[in-house]
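Step one of this worksheet: look at the structure below.
2 protein chains.
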Amino acid sequence: MKHKTTKKNYKNTPIKTYKLGSIKLQCEETLHNAFIAYKTYGKLNKTKSNVILYPTWYSGFISDNEWLIGNNMALDPNKYFIIVVCLLGNGLSSSPTNTPEPFNKSKFPNITLYDNVVQQHRLITNYFKIKHIKLVVGWSMGAQQTYQWACLYPDMVEKIAPFCGSAKTSPHNFVFLEGVKAALTADCNWNDGWYTEPPTKGIRSFGRVYAGWGFSQPFYKEELWKTIGYNSLEDFLTGFWEKFFLQRDANNLLTMLWSWQHGDISTNPIFNGNIEKALKAIKAKSIIMPAELDLYFPVADNIDEVKIMTNAELVIIPGVWGHFAGGGLNSVDTKFIDNVLKKLLEY
Amino acid sequence: MKHKTTKKNYKNTPIKTYKLGSIKLQCEETLHNAFIAYKTYGKLNKTKSNVILYPTWYSGFISDNEWLIGNNMALDPNKYFIIVVCLLGNGLSSSPTNTPEPFNKSKFPNITLYDNVVQQHRLITNYFKIKHIKLVVGWSMGAQQTYQWACLYPDMVEKIAPFCGSAKTSPHNFVFLEGVKAALTADCNWNDGWYTEPPTKGIRSFGRVYAGWGFSQPFYKEELWKTIGYNSLEDFLTGFWEKFFLQRDANNLLTMLWSWQHGDISTNPIFNGNIEKALKAIKAKSIIMPAELDLYFPVADNIDEVKIMTNAELVIIPGVWGHFAGGGLNSVDTKFIDNVLKKLLEY
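Quick mapping for you: the protein sequence lines, in order, are chains Y and R.
Mapping of the first sequence onto my numbering: position 36 corresponds to residue 36, and the numbering continues sequentially without gaps.
In my numbering, each number is its position in the second sequence, counted from 1, plus 1000.
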């Protein structure tokens, strides 16, 4: 993505993978030779008490999380051991693109939020032998994983800060995703996922539909795309939105989309679909941070959650950047989020 | 559309057409043997002082306007002579589907808001010899035509009530429309408009993308599609959204979409792109009626307009139906709009 950020250069730090073996998923299918990709920043201290977990968002790569990590920021690698873990399906963890036949492409199974977090837990506990997480934090689908962590492992997670996300995907959010999915799959090259040439027309459409949802009405009115390096609205639609998704694979996109559409921290054996019970199970000190004009994770949904949760505070990111207030694209919102995280960590 | 309405049965009243001849358009192209479709309700009185003009909305047919017309309603055919005029491109007025070769399909020219209203004015003045219009009223693109009428013919239009619309299409609204357009044209059957078989996959996608925009987030949360006869969210997405647009032609849809994307009452020789001047030119007593949670014609845009206009009042349609508060689908919003129109007409 072409934009000004406070992003640090962590390019030389290696991306690692953790082998999960054969894992049985909630859908009853098995993913063989599965693995999670992750990257760490800073050093794990002797007491293993300085861990921050920061899962990736929908279609985000590891580098897309790095704008919130840096010296003198809340997520400071000099103080904390920060682990960015990748969603299954994002192209770095097990995904339709990197799973060999016969389980590749459209045959790649449906992955739930629960599947993701249970496997991440294995990485944290079995590999790193970490028993306590200081903070789980994430944007969007990263926020959804954050809630899932806190309710599945309430005694392990001290604090959480999900931003621009929700514990359960709302029906309207589901419909928005139906729209982008329909735009992608209208391309005849899609061929139910068995494409030989990428369905680039569909992927471009996917990006163009997404554009209206990602940012708010006043963002477009005020032409704020100018502030992140675009010369016209059309330049932004193509250079930001189409380009971003053209760098992704269609099956990977739809794998993560399925996870998002079915995102619900309670649809698992622990909570049996009782979302109130799942929210109440969270013990972590929680700051729930929606963006003022987010069109698909609206503030209202988080207000409802905070009413149910026992130790949660709502802090609204003000302004007109909509969902992408949490995308690290502008210094004002980045500073706002960083300050909230600093206070939460210091508390 | 399958829904409960207060719709009256005007099926036996004929749709008429007014021949416009060869008309030169703003795009410099000529539309030959052009015509406008319209339908009238009630009788024109001797002094021709009881005229209400009620243009159609994006992709709407004449019958789709009829929920707001009826005995004892504001638009009462016993009192008023109501004229519903069709947008060029809607399939009843001159459109890609009913224009003979070589000007058919993709060759059909771009039509502006100004083109539409100037030709409607010919129908009203040349054919009906009407010099005074009591009220122009319309939903969505019908609202846009309403503003256009009032600023082009300020001494002719006594009152206006545009609802869920704006005098100028906002950039975000433009982006939403780019999305639905991209979803349709991703279908390879689209073939730049020269399809032999309709691009039904693209049209279905068009409807599915539109679904998220048409109604608000809480509409979906509260599952209010149940109140208009659908059994599941999927039933609503297919039975309402896909079905509605599958009954339309793709080239017609994109013709009207172009008009909407470029909707601006000031881009004409009278106002030279000065939207403030165009809004200030409106003399009609105006009630501007946005819906509280409209996602693409947001309340904020109408607030800005009312500040500029000299004789306008803002009345917000409350509730969670979003843009489709103005679609005649629920009796509460219908009654609200009807009551506002009654007061405006009585004033």
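Think of the CB as a built atom: it goes at the ideal place given N, C-alpha and C, for glycine as much as any other residue.
From a predicted model like this one, the values you see are computed outputs, not experimental measurements.
Closer than 7 Å: residue i CB and nearest the ligand MN heavy atom
i              : result
leucine 344(Y) : Here there are no bound small molecules, and the ligand MN is not part of this structure.
Nearest candidate by alpha-carbon position, reference residue i, set the options
i                     : options                                           : result
proline 1100(R)       : Arg1122(R), Asn1268(R) and Ala1034(R)             : Ala1034(R)
proline 1198(R)       : Glu1242(R), Asp1249(R), Tyr1210(R) and Thr1227(R) : Asp1249(R)
leucine 329(Y)        : Trp139(Y), Ala281(Y) and Tyr38(Y)                 : Trp139(Y)
leucine 1254(R)       : Asn1045(R), Lys1043(R), Pro1096(R) and Gln1026(R) : Pro1096(R)
methionine 1141(R)    : Gly1179(R), Phe1324(R) and Met1156(R)             : Phe1324(R)
phenylalanine 1103(R) : Thr1125(R), Asn1251(R), Val1157(R) and Asn1272(R) : Asn1251(R)
arginine 1208(R)      : Gly1193(R), Cys1188(R) and Phe1176(R)             : Phe1176(R)
lysine 1048(R)        : Phe1206(R), Ser1022(R) and Tyr1080(R)             : Tyr1080(R)
tryptophan 1241(R)    : Ile1062(R), Phe1206(R) and Trp1067(R)             : Phe1206(R)
serine 93(Y)          : Ile317(Y), Met256(Y) and Gly319(Y)                : Met256(Y)
leucine 246(Y)        : Ile203(Y), Gly273(Y) and Pro318(Y)                : Ile203(Y)
aspartate 304(Y)      : Lys129(Y), Trp190(Y), Glu276(Y) and His172(Y)     : Glu276(Y)
serine 106(Y)         : Tyr195(Y), Pro14(Y), Asn268(Y) and Thr267(Y)      : Tyr195(Y)
alanine 182(Y)        : Gly1212(R), Asn1268(R) and Asn1090(R)             : Gly1212(R)
glutamate 29(Y)       : Thr112(Y), Glu234(Y), Ala300(Y) and Lys43(Y)      : Thr112(Y)
tyrosine 1041(R)      : Gln1026(R), Gly1091(R) and Asn1065(R)             : Asn1065(R)
alanine 1186(R)       : Gly193(Y), Asn173(Y) and Thr200(Y)                : Thr200(Y)
tyrosine 296(Y)       : Phe271(Y), Ile270(Y), Gly326(Y) and Lys283(Y)     : Gly326(Y)
cysteine 27(Y)        : Lys283(Y), Trp258(Y) and Ala291(Y)                : Trp258(Y)
lysine 1280(R)        : Ala1312(R), Leu1087(R), Tyr1220(R) and Phe1174(R) : Ala1312(R)
isoleucine 1282(R)    : Thr1146(R), Lys1221(R), Thr1013(R) and Ile1130(R) : Thr1146(R)
Cα-Cα separation, residue i to residue j
i                  : j                     : result
histidine 3(Y)     : leucine 237(Y)        : At histidine 3(Y) the pLDDT is 42, less than 50, meaning the model places this residue with poor confidence and gives no usable figure here.
isoleucine 1160(R) : threonine 169(Y)      : 41 Å
tyrosine 230(Y)    : glycine 239(Y)        : 8 Å
proline 109(Y)     : valine 85(Y)          : 20 Å
serine 1059(R)     : leucine 184(Y)        : 24 Å
isoleucine 1265(R) : glutamine 1144(R)     : 8 Å
cysteine 151(Y)    : tyrosine 114(Y)       : 11 Å
glycine 179(Y)     : tyrosine 1210(R)      : 7 Å
tyrosine 153(Y)    : lysine 24(Y)          : 20 Å
glutamine 1148(R)  : valine 1117(R)        : 7 Å
glycine 343(Y)     : histidine 262(Y)      : According to the sequence shown, residue 343(Y) is lysine rather than glycine. Rounded to whole angstroms, lysine 343(Y) to histidine 262(Y) spans 32 Å at the Cα level.
valine 315(Y)      : asparagine 302(Y)     : 10 Å
aspartate 333(Y)   : proline 318(Y)        : 8 Å
leucine 135(Y)     : valine 320(Y)         : 27 Å
glycine 273(Y)     : leucine 31(Y)         : 24 Å
asparagine 50(Y)   : alanine 1167(R)       : 56 Å
isoleucine 62(Y)   : phenylalanine 128(Y)  : 19 Å
isoleucine 82(Y)   : phenylalanine 1244(R) : 50 Å
leucine 345(Y)     : proline 162(Y)        : 14 Å
lysine 1007(R)     : aspartate 294(Y)      : Residue placement at lysine 1007(R) is flagged as unreliable, the pLDDT there being 48, under the threshold of 50; the coordinate-derived value follows with that caveat. Cα to Cα, the separation comes out at about 36 Å.
threonine 125(Y)   : methionine 156(Y)     : 10 Å
lysine 46(Y)       : asparagine 78(Y)      : 14 Å
leucine 233(Y)     : leucine 68(Y)         : 27 Å
asparagine 90(Y)   : tryptophan 260(Y)     : 12 Å
leucine 87(Y)      : glutamate 292(Y)      : 26 Å
tyrosine 1010(R)   : glycine 1070(R)       : 10 Å
Where residue i meets chain Y, residues with beta-carbon distance less than 8 Å
i                : result
cysteine 1188(R) : Asp187, Cys188, Asn189 and Lys201
alanine 1211(R)  : Val175, Glu178 and Gly179
leucine 1237(R)  : Val175 and Glu178
Amino acids of chain Y, ordered along the chain, whose beta-carbon sits closer than 9 Å to that of residue i
i                : result
arginine 1204(R) : Ala182 and Ala186
proline 1154(R)  : Chain Y residues near proline 1154(R): none, gap ~27 Å exceeds 9 Å.
Under 7 Å from the C-beta of residue i: neighbouring residues of chain Y
i               : result
leucine 1344(R) : Going along chain Y, no residue has its Cβ under 7 Å from leucine 1344(R), so there is no contact; the nearest lies around 27 Å.
Residue i: contacting residues in chain R (beta-carbon distance under 7 Å)
i               : result
lysine 221(Y)   : Ser1170, Pro1171 and His1172
arginine 208(Y) : Glu1178, Gly1179 and Ala1182
Chain R contact residues for residue i, given Cβ-Cβ distances below 9 Å
i                : result
glutamine 217(Y) : Ser1170, Pro1171, His1172, Asn1173, Leu1295, Tyr1296, Pro1298, Ala1300 and Asp1301
Contacts that residue i makes with chain R (C-beta to C-beta distance below 8 Å)
i              : result
leucine 233(Y) : Pro1171, Phe1174 and Val1175
- Query: On the three-pair Cβ rule with 8 Å, is the stretch 204-220 of chain Y touching the stretch 50-60 of chain Y?
  - Reply: no
- Message: For a minimum of 4 consecutive residues, which ranges assigned as the alpha helix (DSSP H) are wholly contained in the stretch 1105-1185 of chain R?
- Response: 1113-1122, 1141-1152 and 1171-1185
- Task: Take every Cβ of the stretch 306-325 of chain Y, pair it with every Cβ of the stretch 1222-1229 of chain R, and state whether three or more of those distances are shorter than 8 Å.
- Result: no
- Start-end ranges of the alpha helix (DSSP H) lying completely within the stretch 1037-1110 of chain R, minimum 4 residues: none
- Query: Taking three-plus beta-carbon pairs below 8 Å as touching, is the stretch 1287-1298 of chain R in contact with the stretch 1107-1127 of chain R?
  - Reply: no
- Determine contact between the stretch 1068-1077 of chain R and the stretch 1334-1347 of chain R, defined as no fewer than three beta-carbon pairs at a distance below 8 Å. yes
- Uninterrupted beta strand (DSSP E) stretches inside the stretch 224-291 of chain Y (no shorter than 3 residues): 285-288
- Query: Is it a yes or a no for the stretch 34-47 of chain Y touching the stretch 10-23 of chain Y, going by three-plus beta-carbon pairs under 8 Å?
  - Reply: yes
- Message: Threshold first: 4 residues or longer. Then list the alpha helix (DSSP H) segments lying entirely within the stretch 1190-1214 of chain R, N to C.
- Response: 1200-1214
- Item | Entirely enclosed alpha helix (DSSP H) segments - the stretch 296-339 of chain Y, minimum 4 residues | 299-308
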